[in-house]
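Engineer: Residue numbers (the numbering used here): 246 to 419.
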Ligand SMILES: Cc1cc2nc3c(=O)[nH]c(=O)nc-3n(C[C@H](O)[C@H](O)[C@H](O)COP(=O)(O)O)c2cc1C
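Laid out in structure tokens, this is it:
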């Protein structure tokens, strides 16, 4: 059976809620749900699909190399032993009304780091149905991963997750 790992941060809040929903959308598949602060390199052995999710909470918060930002330790675990082309799908939480110029920016950083880690990014997502003015997370007119907005469009989250999970299952041949 194919194995899927879902890694997310913060451990509590909208990202965690959506990570659980994504796991549920895989139904009977073998999934592992793990917050980024509890993750080690062994957790990635034998995975057929890696999903990584986070929120955007201002450039200061996510770029700062402070001791309590677990993303830096998470990315560092691949330095000695990179992934070898494992598919990586990204999801990101944001708020398109309060932060219209920086909607889900953080997905771009996750993409850059997971590519550096040797992952092969899948799961690009259309920008239709969102209302924002700018995002770092757009490449070739698409988000680099699934954009979710629990603050302004929580009614769309479940359907978006269902559709995206079917998409990435196909892309990763699961
Ligand atoms: C201080 C702060 C800054 C934020 N900055 C952004 C931002 O730049 N872009 C964005 O799309 N959302 C931004 N948000 C919205 C959060 O990403 C959104 O509320 C998300 O659902 C939070 O998920 P979490 O509780 O799991 O961290 C910000 C929220 C806060 C509190």
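In this text, a Cβ means the ideal position worked out from N, Cα and C, and glycines have one as well. All values derive from a computational prediction rather than experimental measurement.
Which residue marks the beginning of the beta strand (DSSP E) containing residue 401, and which one marks its end?
Structural biologist: For the purposes of this step, residue 401 is taken as residue 156 along the chain shown, with counting starting at 1. Note, residue 401: premise wrong, no beta strand (DSSP E); alpha helix (DSSP H) at 399-416.
Engineer: Can you tell me whether DSSP reads residue 285 as helix, strand or coil?
Structural biologist: What you label residue 285 is simply residue 40 of the chain shown in a count that begins at 1. Looking at residue 285 - three-state DSSP - the assignment turns out to be coil, as it is neither helix nor strand.
Engineer: Please name the residue or residues paired with residue 392 in a DSSP beta bridge.
Structural biologist: Position 147 of the chain shown, counted from the first residue, corresponds to residue 392. The partner list for residue 392 (beta bridge, DSSP) reads 337.
Engineer: Let me check you understand the geometry: is the CB of residue 416 closer than 7 Å to at least one non-hydrogen atom of ligand 1?
Structural biologist: If you number the chain shown from 1, residue 416 lands on position 171. No - ligand 1 has no heavy atom lying nearer than 7 Å to the Cβ of residue 416.
Engineer: Do the CB positions of residue 408 and residue 388 come within less than 8 Å of each other?
Structural biologist: Start at 1 with the first residue of the chain shown, and residue 408 comes out as number 163. Start at 1 with the first residue of the chain shown, and residue 388 comes out as number 143. For residue 408 and residue 388, no; Cβs fall outside 8 Å.
Engineer: Expressed to the nearest angstrom, what Euclidean distance is found between the alpha-carbon atoms of residue 310 and residue 282?
Structural biologist: If you number the chain shown from 1, residue 310 lands on position 65. If you number the chain shown from 1, residue 282 lands on position 37. With a pLDDT of only 48 at residue 310, under the threshold of 50, the placement of this residue in the model should not be trusted; the figure read from the coordinates follows. Taking the straight line joining both Cα atoms gives about 15 Å.
Engineer: State the beta-bridge partners of residue 300 as determined by DSSP.
Structural biologist: In the chain shown, the residue the question calls residue 300 occupies position 55. In DSSP, residue 300 forms a bridge with 338.
Engineer: Quick check: the Cα distance between residue 316 and residue 251, rounded to an integer number of angstroms?
Structural biologist: What you label residue 316 is simply residue 71 of the chain shown in a count that begins at 1. What you label residue 251 is simply residue 6 of the chain shown in a count that begins at 1. Cα-Cα distance, rounded: 14 Å.
Engineer: Taking the alpha carbon of residue 406 as the point to measure from, which residue in 263, 257, 255 and 259 has its own alpha carbon closest?
Structural biologist: Here residue 406 refers to the residue found at position 161 when the chain shown is read from its first residue. Of the candidates 263, 257, 255 and 259, the one whose C-alpha sits nearest the C-alpha of residue 406 is 263.
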